[in-house]
Amino acid sequence: MRVLVTGATGLVGKELLKQLLENGDEVVFLTTTQDKLNALKGCQGFYWNPKNREIDVNCLTGVETIIHLAGSSINGSWSKMGKQEIVSSRVEASQTLYQLLREQKHQVKQIICASAVGIYDTVDAIQTEENYTPATNFLGQVVQQWEGENRCFEQLGIPVAFLRIGLVLSRQGGALPHIEQMANYYLASPLGRGTQYYSWIHLSDLISIFIFVMNHRLQGAFNAVAPHPETNKQFTKYLSQAVGKNMILPAVPTFVLRLVLGEKAMLVTEGQRISCSKLLALNFQFQFPTLSEAFTDLYKS
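For the sequence shown, position 89 matches number 1385 in the numbering used here, and the numbering has no gaps at all.
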């Protein structure tokens, strides 16, 4: 199968391309940097500039599936301009793809879009794809607008799947290396209440979910999280054990985190308890269903 990937140079994109190639799929990707057209071994790159609605139409040749990951990281600045970039990078990318698919002949049978568990409000109850309270904070608004833009592909008769991704665990990027560094200096401690749930996913399982959804031609929303979410306190405890340190500090008060991080403090002081029962009902098999198993793999000697 020929697959087009956006956001291919990020943490998830790089690992996804690697697995697709190992599986024998043909992979092409879009990049906003001309110098990166040949940067990914075994893949052909095509240039696009969503801000100017520019895209190489040849990227669609023979493509059956699009995996759409593009969007500025939420870990960047949350200044007024930073927020605008987080939103516009997603909206402009989706609108550019939509315009291309509307105007060009193509063979695309499926689009799989990255989304996030930030769409869910921070309630203690378990939330599913169909039964949840929408978040009204900045992150919730971003994800709802992101999914809304990507639903436009359905107007073209193309089935769309949304993967609502939780906290991705990888030592190669994302949040974990920063938390690990704190643990190594005995600075890892519960954040805020410590009782807020983190719905997490091992990077390898996340890649497997993308491929599972692609191979089974699934559509609709799917929670890309492990079966067993953990509280922030338990998460910190497991991580400290994994790196061979003790969790000895008291919890960092929420007001301190807000003073240091501003509005972004919500990324660590708030959380969601998300169910992956929809994937389990389809017989998806997690390689790392528990946090203990995930950290054992990530920190094996």
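Using N, Cα and C, we set each Cβ at its ideal position, and we do this for glycine too.
Proximity test, residue i beta-carbon vs the ligand FMN heavy atom, cut-off 7 Å
| i | result |
| --- | --- |
| Ala1412 | Of the ligands one can find in the structure shown there are none, so the ligand FMN has no counterpart to examine. |
Range covered by the beta strand (DSSP E) that runs through residue i
| i | result |
| --- | --- |
| Gln1340 | 1340 to 1345 |
| Arg1298 | 1298 to 1302 |
| Leu1459 | 1456 to 1461 |
| Leu1326 | 1322 to 1327 |
| Cys1357 | Strictly speaking, residue 1357 in this sequence is Thr, with Cys absent from that position. Segment: none, Thr1357 is in no beta strand (DSSP E) and carries neither H nor E. |
Limits of the unbroken alpha helix (DSSP H) element including residue i
| i | result |
| --- | --- |
| Ala1590 | 1587 to 1594 |
| Glu1318 | 1307 to 1318 |
| Phe1551 | 1550 to 1557 |
| Lys1337 | Here Lys1337 belongs to no alpha helix (DSSP H), and DSSP marks it neither H nor E. |
| Lys1574 | 1573 to 1577 |
| Leu1563 | 1562 to 1565 |
Spatial neighbours of residue i in its chain, beta-carbon cut-off 6 Å, leaving aside the 5 residues before and after
| i | result |
| --- | --- |
| Phe1591 | Tyr1534, Ala1538 |
| Thr1424 | Ser1571 |
| Arg1569 | Ile1422, Tyr1493, Pro1525 |
| Thr1305 | none |
| Glu1381 | Ser1368 |
| Ala1471 | none |
| Ile1351 | Trp1344, Thr1392, Leu1396 |
| Ile1507 | none |
| Ala1620 | Since the first residue of the chain shown is 1297 and the last is 1597, residue 1620 is not available in this structure. |
| Gly1516 | none |
Distance between beta carbons of residue j and residue i, contact taken as under 8 Å
| i | j | result |
| --- | --- | --- |
| Ser1466 | Leu1499 | 4 Å |
| Ala1520 | Ile1503 | The Cβ separation is near 10 Å, so there is no contact. |
| Gln1307 | Gly1469 | Looking at the sequence shown, residue 1307 is not Gln but Leu. Contact holds; Cβ gap of about 4 Å. |
| Gly1367 | Gly1303 | 7 Å |
| Val1438 | Val1383 | 6 Å |
| Leu1575 | Phe1518 | 6 Å |
| Leu1300 | Ile1362 | 5 Å |
| Gln1440 | Pro1430 | 7 Å |
| Glu1445 | Val1387 | 5 Å |
Residues near residue i by beta carbon distance below 8 Å, same chain, minus five either side
| i | result |
| --- | --- |
| Ala1522 | Gly1462, Ser1495, Trp1496, Ile1497, His1498, Asp1501, Cys1572, Phe1582, Phe1584, Pro1585, Thr1586, Leu1587, Ala1590 |
| Arg1513 | Lys1405, Gln1406, Pro1455 |
| Ala1290 | What the structure shows of the chain is the stretch from 1297 to 1597, and residue 1290 is not part of that stretch, so it cannot be assessed. |
| Thr1432 | Asp1417 |
Cβ shell of residue i (< 7 Å), same chain only, five flanking positions each side left out
| i | result |
| --- | --- |
| Ser1536 | Ala1479, Ala1484, Asn1542, Met1543 |
| Asp1420 | Arg1569 |
| Leu1336 | Ala1304, Leu1313, Phe1325 |
| Lys1332 | Thr1305, Gly1341 |
| Lys1560 | Trp1374 |
| Gln1640 | In the structure displayed, the chain extends from 1297 to 1597; residue 1640 sits before or after that span and is not available. |
| Ile1475 | Ala1484, Leu1535 |
| Arg1349 | Thr1392, Gln1395 |
Chain C contact for residue i (CB, 8 Å cutoff)
| i | result |
| --- | --- |
| Arg1398 | Of the chains in the structure shown, none is chain C; there is only one protein chain. |
Tell me, please, whether the segment 1490 to 1508 touches the segment 1337 to 1346 by the rule of three or more beta-carbon pairs shorter than 8 Å.
At 8 Å Cβ cutoff, the stretches do not touch.
Counting pairs of Cβ atoms below 8 Å between the segment 1458 to 1478 and the segment 1412 to 1432, do you hit three or more?
Judged by pairs of C-beta atoms under 8 Å, the segment 1458 to 1478 touches the segment 1412 to 1432, as three or more such pairs exist.
Could I get the ranges of all uninterrupted alpha helix (DSSP H) runs contained in the segment 1374 to 1449, with 4 residues as the minimum, in chain order?
1376 to 1399, 1434 to 1446, all fully within the segment 1374 to 1449.
Does the segment 1441 to 1451 come into contact with the segment 1404 to 1414, if we say contact requires no fewer than three beta-carbon pairs (one atom in each stretch) closer than 8 Å?
A contact between stretches requires three or more CB pairs, one per stretch, nearer than 8 Å, and the segment 1441 to 1451 meets this requirement with the segment 1404 to 1414.
Would you mind listing the alpha helix (DSSP H) stretches within the segment 1487 to 1547 that are 4+ residues and don't spill past its ends, in chain order?
DSSP runs (the alpha helix (DSSP H)) wholly in the segment 1487 to 1547: 1499 to 1511, 1528 to 1538.
Pair every Cβ in the segment 1483 to 1491 with every Cβ in the segment 1557 to 1575, then say whether three or more of these pairs are closer than 8 Å.
Three or more Cβ pairs closer than 8 Å define a contact, and the segment 1483 to 1491 meets that threshold against the segment 1557 to 1575.
Contact between the segment 1382 to 1397 and the segment 1353 to 1368: three or more CB pairs below 8 Å?
Inter-segment contact for the segment 1382 to 1397 and the segment 1353 to 1368 is present: three or more beta-carbon pairs are separated by less than 8 Å.
For the structure I just gave you, are there three or more beta carbon pairs, one from the segment 1370 to 1378 and one from the segment 1315 to 1335, closer than 8 Å?
With the cut-off at 8 Å, the segment 1370 to 1378 and the segment 1315 to 1335 do not touch.
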